[in-house]
Structure formats: structure tokens, C-alpha cells
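Numbering-wise (the UniProt record's numbering), the sequence shown opens with residue 1 and increments by one.
Think of the CB as a built atom: it goes at the ideal place given N, C-alpha and C, for glycine as much as any other residue.
All of these numbers come straight from a predicted model, not from anything done at the bench.
Okay, so here's the structure we're looking at.
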Amino acid sequence: MDLQIAAALVPLLGWAVHGGVLTHRLAAARRDPLTGLHTRAGWTARAEHCIRRHPATAVLLVDLDHFKDLNDTHRHAAGDAALIATADRLRTWCGRHGTAGRLGGDEFVAVVQDLAAVDLDALTTALHRPLPYNGVSLPLAASVGVCRLAELPVPLLTDALAAADAAMYAAKGRGRRGSRLSR
């Protein structure tokens, strides 16, 4: 009798292990391998959830300024270090109030439950702090565009991203230092 039970449990154990491996792979696919931030798909799911639950939600787009120059001058390892530092600074700033993600390249995104609960100037300051790297100080700079969902006629993530993108490019046009709210 014990042999029959064991024989029946072996396939179940195999399926449980297989399911665990697939779950782990799916979770890993929703994380950027370099920064550990959510990828677009993982971030989007969290952002949509935040929008449904919190009426004061804001979406931010962050783009590193002069990233190509940094990569060309100090090489790709320095560029990777800059991306990792930016991701860490954005993740820390979001804290328990939001979720950060990496869209790709040097573009990052965040959603926060309430912009009034976080200090946007602190984010800008953190993103502009130089990065110590191999005995040199790498200059970092970023442009930030912000959209409060409450300012949109219909609070849709796609519209918020478009408005934050426009605000980010307006911030770049103002000298690449700081952030800008959509209007």
C-alpha cells in the first residue's frame, strides 16, 4: 500500500516542481535583469492597479540626460553603473508609496499613489547626485516628467504616460535640470 501511495505522489511532486520553475521564470521575465526594476509589462500591471485604487495617483517618466556621452566616454560598464544607480535612487524614492520600472535603455517610469506624499525635489536631487565609479565621479542628470491622473479628463495610464512624456521633454528643453508637471 505504501508503495502505491509513493508511486502516485511522484508525478504530483514533479508537477509541483515544474510549476514552481515556471512561476519563477515568469517572475524573472517581469524584472529587468540589470536593475531589478519591473519591466514594462510588470510595471504596467502595478500602475493600473494603483490607478484603480488611488485617485491621487501620479505617473513619472525619467530619462537620463547625456547618457550616450557617458557611455561613450567611460564605456558600457560605467553606463550600466549609472543605470543601476538611477534605478536604486528611483526605487528608494518611491518607497512604499509607489512602484518604479525600467522601460528600456535609459528610460525609467514610476507610479506613486499620491504625489503630495512624496518629495519631487528630493527625487530630482537624488537623480543629479554624481556617481563614484572607479576613482572618478560620473556626472548624472535626468529629466523628469510628471502627470497627475486627476488632471486628465479620463484617468487612463496611456494618457498619463503621454502627458508625462510631454512634460519630460519640456523639462529637457528647460536646460535638463529638474522636473515638470504636465499641464
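- A straight line joining the alpha-carbon of V109 with that of N134 spans about 28 Å.
- Cβ-Cβ distances below 8 Å link H38 to R30, R31, D32, R46, T99, A100, G101 and R102 in the same chain, with the five nearest sequence neighbours on each side left out; the list follows chain order.
- Bridge pairing for H38: R31 and G101 [DSSP].
- Note that the region 55–73 touches the region 142–149; at least 3 beta-carbon pairs, one per stretch, sit closer than 8 Å.
- For G145, the enclosing beta strand (DSSP E) starts and ends at A142 to R148.
- In the structure shown, A162 falls within a helical segment according to DSSP collapsed to helix, strand and coil.
- Taken through DSSP and simplified to helix, strand or coil, A117 comes out as helix.
- With contacts defined as CB atoms closer than 8 Å, A77 and L131 fail to qualify as a contacting pair.
- DSSP places D63 within a strand segment (E or B) once states are collapsed to three.
- Each residue's CA atom was taken as its position, placing G173 and T124 some 16 Å apart.
- The C-beta distance from A87 to G36 rounds to 7 Å, short enough to fall under 8 Å.
- Look at L90 here: in three-state DSSP terms it is helix.
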